[in-house]
Amino acid sequence: MKVRFDFKAIDLMIEMFHDAKKGTVVNRDMLDRLLSHDALIQMIKHYNRPEGLNAHIVMKDLKNVFLNLNKKKFFSENDFLIEFHRNLRSKFDVLEELEDFLRHLKEKQEEVTNFAQKKLQRFLPQEIDFNPRIFIVFTGYSGGYFVGNDITLDLEHISKSLDKVASTIAHELHHIAFNGILESKLLSRQLPANKYLLAELVGGLMGEGIAYYCVGGDPETGHVGYEDTSDYQNDLKKWKSYFMEVNAVMLKLLNNELNTKEFFEWVSKHMSKTFGAINMVGIKTVEAVYRTKGDKGILEVIADPAVYIREYNNAATYLNDVEKANYPLFNHCLEVVFAQ
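Residues 0 to 339 (numbering that gives the first Met the number 0) are what the sequence shown spells out, left to right.
Structure, rendered in structure tokens:
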């Protein structure tokens, strides 16, 4: 695996943002170069995912936002575009500081990618074979995401430290690698539609949980790196109610009481939040597996995602009995859904 940065899009953005900050309309030739870059093409795909923000945008919409960056207000019937414009303009106040960090990142990029790969490989059962690009941009919404084998990171989101950059890269790379494993081990089976959606949900819990807790975080301390944010703390307080909601959705899928459209609407509602049910339940269920079986337990469920619900229930039962913890349990019928 060879990881490499691509800074072309962020360099164009920063130059354009300096103009917009002065009240000048951005250079159209420069904007056309930006919008033809793979980072922006993938941004459209990411924000239009039905299981994500489902933003219903096209490249013309982004062009319109950038052409209006010099204006304090942006008017649209699409709330996503209004927030996108507001988020981009919020970078104006910290543009110089972010440029300084970007220069530092460019100088240390090889060290960062090496550290990210080291964090990643600890929680993969096999060597992964792909060559991802890492696009640095202002995303206008997300902190980071992947499309195909490429990763896009928001410059402000990663500007806390180079360790934050490496952890975020490792987090997203693990999603890419794990999705391949999930496909080969579980999703490629001849599953009926309802069980396929259930498998995707289990994979979502695992993927987000491992990426946050193990790869992007510090599993020895249990810190995921967001403890100082109100979004994380607020959703942490809700995690058991989120758990019951996830358990109920799983049972509805199992009993064919939730169709594909309804399922993706539920997923989108939570994935449009900073954390939400899928991320938070993923983090806490992975926490239980790691606390009982360490790296070995995580690698075992990655190698066989079908056993994840059972392994979590076993871990939670042990921690509840021995350490007087209070982890909720999934309905036991969910443990054997994917048994062959």
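Virtual Cβ for every residue (Gly too), placed ideally from N, Cα, C.
query                                                                                                                          : result
When 135, 134 and 120 are compared against residue 128, the one with the closest alpha-carbon                                  : 120
Cβ-based burial, residue 88 [other Cβ within 10 Å; buried from 16]                                                             : buried
Beta-ladder partner(s) of residue 347, from DSSP                                                                               : This structure cannot speak to residue 347, because the chain is shown only from 0 to 339.
Among 64, 18, 315 and 38, the one whose alpha carbon lies nearest that of residue 287                                          : 315
Selection from 311, 322 and 338 that minimises the alpha carbon distance to residue 328                                        : 311
Beta-carbon proximity check, residue 166 vs residue 215, cutoff 8 Å                                                            : yes
Simplified DSSP assignment, three categories, for residue 147                                                                  : coil
Three-way DSSP call (helix, strand, coil) for residue 132 in this model                                                        : strand
Beta carbon of residue 157 nearer than 8 Å to that of residue 133                                                              : no
Contiguous alpha helix (DSSP H) assignments of at least 4 residues, all confined to the stretch 215 to 280                     : 229 to 236, 238 to 253 and 259 to 270
Coarse secondary structure for residue 3, derived from DSSP in three states                                                    : strand
Given residue 162 as reference, the closest of 189, 187, 135 and 114 once Cα atoms are compared                                : 114
Pair within 8 Å by beta-carbon distance, residue 253 and residue 318                                                           : no
Where residue 181 falls: helix, strand or coil (DSSP)                                                                          : helix
Beta-carbon spacing of residue 49, residue 181 below 8 Å                                                                       : no
Rounded C-alpha distance that separates residue 17 from residue 225                                                            : 30 Å
Cut-off 7 Å between Cβ atoms - residues of its own chain near residue 75, not counting five sequence neighbours on either side : 81
DSSP-derived helix/strand/coil call for residue 303                                                                            : coil
Residue 152 in three-state terms, based on DSSP                                                                                : strand
Proximity below 8 Å, CB of residue 223 to CB of residue 307                                                                    : no
Under the three-state DSSP convention, the category residue 116 falls into                                                     : helix
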